[in-house]
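Visitor:
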Amino acid sequence: MPTSVVTGGAGFLGSHLCEHLLREGHRVICVDNLDTGSLTNIEQIRDEAFAFVNHDVTRHLDLPGPVDFVFHFASPASPIDYLRLPLHTLKVGAYGTHNALGLAKFKRARFLLASTSEVYGDPLEHPQRETYWGNVNPIGPRGVYDEAKRYAEALTMAYHRQQGVDTAIVRIFNTYGPRMRAFDGRAIPTFIRQALLDQSLTVFGDGSQTRSFCYVDDLIVGIWALATSGVHDPVNIGNPEEFTLLELATRVIELTGSQSSIVFESLPENDPQQRRPDISRARELLGWEPLTGLDPGLRLLLERTARHELIGRNPTV
Ligand code: NAD
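Going from the sequence shown to this note's numbering is simple: count from 1 and add 290.
#1: Nearest-angstrom Cα distance between residue 428 and residue 439?
#2: Quick test of your reading: residue 400 and residue 458, contact by CB under 8 Å. State the CB separation rounded to the nearest angstrom.
#3: Return the first residue and the last residue of the alpha helix (DSSP H) that residue 306 is part of.
#4: I believe residue 462 touches residue 528 by the beta-carbon criterion, under 8 Å. Please report the beta-carbon distance rounded to the nearest angstrom.
#5: Keeping to the same chain, check which residues put their C-beta closer than 6 Å to that of residue 604; ignore five residues upstream and five downstream.
#6: Using a threshold of 8 Å, is the CB atom of residue 435 nearer than that to any non-hydrogen atom of the ligand NAD?
#7: Under 8 Å by Cβ, that's how I've got residue 417 and residue 530 pegged, so tell me the actual separation to the nearest angstrom.
#8: With DSSP collapsed to three states, give me the class of residue 402.
#9: May I ask you to verify whether the stretch 343–357 touches the stretch 307–324, counting CB pairs closer than 8 Å and requiring at least 3?
#10: Just how far apart, CA to CA, sit residue 337 and residue 315?
#11: Following the continuous alpha helix (DSSP H) through residue 589, name the residue where it begins and the one where it ends.
#12: Of the residues 327, 407, 442, 495, which one's Cα is nearest the Cα of residue 304?
#13: Helix, strand or coil for residue 363, going by three-state DSSP, please let me know.
#14: Compute the Euclidean distance between the alpha carbons of residue 600 and residue 454, then round it to the nearest angstrom.
#15: Taking the beta carbon of residue 423 as the centre, do at least 16 other beta carbons fall within 10 Å, making it buried, or is it exposed?
#16: Check whether the stretch 490–501 touches the stretch 536–545, counting contact only when three or more Cβ pairs, one atom from each stretch, lie closer than 8 Å.
#17: Measuring CA to CA, which of 297, 308, 552 is closest to residue 507?
#18: In angstroms with no decimal places, state the Cα-to-Cα distance between residue 568 and residue 559.
#19: Since residue 322 sits in a beta bridge, which residues does DSSP pair it with?
#20: On the premise that residue 594 lies in contact with residue 486, defined as a C-beta separation below 8 Å, what is that separation, rounded to the nearest angstrom?
#21: Is any non-hydrogen atom of the ligand NAD found closer than 8 Å to the C-beta of residue 347, if you look at the structure I gave you?
#22: Ignoring anything shorter than 3 residues, give me the beta strand (DSSP E) runs that lie fully in the stretch 457–515, in order along the chain.
#23: Is it buried or exposed for residue 291, if we count other Cβ within 10 angstroms and need 16 for buried?
#24: Let me check one thing: in DSSP terms, what residues is residue 546 bridge-paired to?
#25: Would you say residue 408 touches the ligand NAD, meaning its beta carbon is less than 8 Å from a heavy atom?
#26: Residue 555 by DSSP, collapsed to three states: which one?
#27: Check each candidate in 347, 583, 334 and name the one with the smallest Cα separation from residue 296.
#28: Does the Cβ of residue 354 have 16 or more other Cβ atoms within 10 Å, making it buried, or fewer, making it exposed?
#29: Strictly by DSSP, which residues pair up with residue 567?
#30: Which stretch, first to last residue, makes up the alpha helix (DSSP H) that contains residue 434?
#31: Taking only the alpha-carbon atoms, compute the straight-line gap between residue 433 and residue 561 and give it to the nearest angstrom.
#32: Among 405, 333, 351, 479, which one has its Cα closest to the Cα of residue 602?
#33: Is residue 488 near the ligand NAD - that is, is its Cβ less than 8 Å away from at least one heavy atom of it?
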């Protein structure tokens, strides 16, 4: 039975990945310090092959027994979290990634880094291919996240080239699905929460900035395809359908049957104007592409999540 370690396994994406790995017949060790994740994300997992280890990955990481895969997902990920935890975000990108790579090296495991479309910054190339080097402001407020991930990518390639570690890098574009937190500040959970309460949907700027949204089940299939491939170069995984934020807000109002209106607020600093993955590499190397469009994906999210979770409780009140 292969063993997978998932750092950040009690988070939104990590918990879906743990479930997928168990379905694939893996023993799964979920390593998380519950900074932004929660035990409620994994409490439904009743499987003897699953273990939870409460550990901060910025500290030395050692586990008994053989390990075949290390999926490094631990990191604050939503703007609200990394703006609240700027130093921790940089430390997780640096020490956390060192420790996870060290574990993979010691165990001779395949290592997969959860990187992000944020490495492209506010892109001057559209859509974004993996060959694009990005346009990131290192000293802006978002720099703590973007540069942590860029450093983590550089570190991953160094461990691969110099230490011979079998590595992979997935550049994840905006993903949504059950277990996102209602108050994590990202567009989809925020709009859904506001729509269900008939409150105004808050769109930043004039809403003309674009994003592409991938349903979580599609993302996990892509990550699994990458993990089980021999690919070392970064691969974009995301949904290339592109929507303006205004279109997204309108879709959410229609799908929830809400009475909400839309209000406009000032744009956050260095907010990217456009975001859309070029997924040719994933198609060619992994035979992967997303299957779930935005409307079906939003319906799945609404069906699979209890109303009280979608509305949530404001952690700052
Ligand atoms: P999340 O906040 O739900 O999950 C992150 C998890 O990491 C949490 O469970 C948190 O407690 C844990 N964690 C943070 N610091 C830790 C530490 N020092 N030690 C141990 N655990 C720690 O976020 P998510 O959306 O599931 O993101 C998971 C990964 O995917 C992140 O690396 C993120 O950068 C990446 N990613 C996510 C998206 C997305 O759309 N959700 C997009 C691009 C990249």
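Beta carbons are placed, not taken as given, at the ideal position from N, Cα and C, and that holds for glycine.
Guide: In this structure, then:
#1: Residue 428 and residue 439 have their C-alpha atoms some 12 Å from each other.
#2: 7 Å
#3: 302–313
#4: 7 Å
#5: 473
#6: yes
#7: Under the criterion of beta carbons closer than 8 Å, residue 417 and residue 530 qualify as touching, at roughly 7 Å.
#8: strand
#9: yes
#10: 11 Å
#11: 584–594
#12: 327
#13: coil
#14: A direct Cα-Cα distance of roughly 44 Å separates residue 600 from residue 454.
#15: exposed
#16: yes
#17: Of the residues 297, 308, 552, the one whose Cα lies closest to the Cα of residue 507 is 308.
#18: 25 Å
#19: When DSSP reads this structure, residue 322 sits in a beta bridge with 344.
#20: Rounded, the Cβ-Cβ distance is 15 Å, inconsistent with contact.
#21: yes
#22: Taken in chain order, the whole beta strand (DSSP E) runs of length 3 or more contained in the stretch 457–515 are 457–462, 491–494.
#23: With fewer than 16 other Cβ atoms within 10 Å, it is exposed.
#24: Per DSSP, none; premise fails for residue 546.
#25: yes
#26: strand
#27: 347
#28: exposed
#29: 418
#30: 433–453
#31: 11 Å
#32: 479
#33: no
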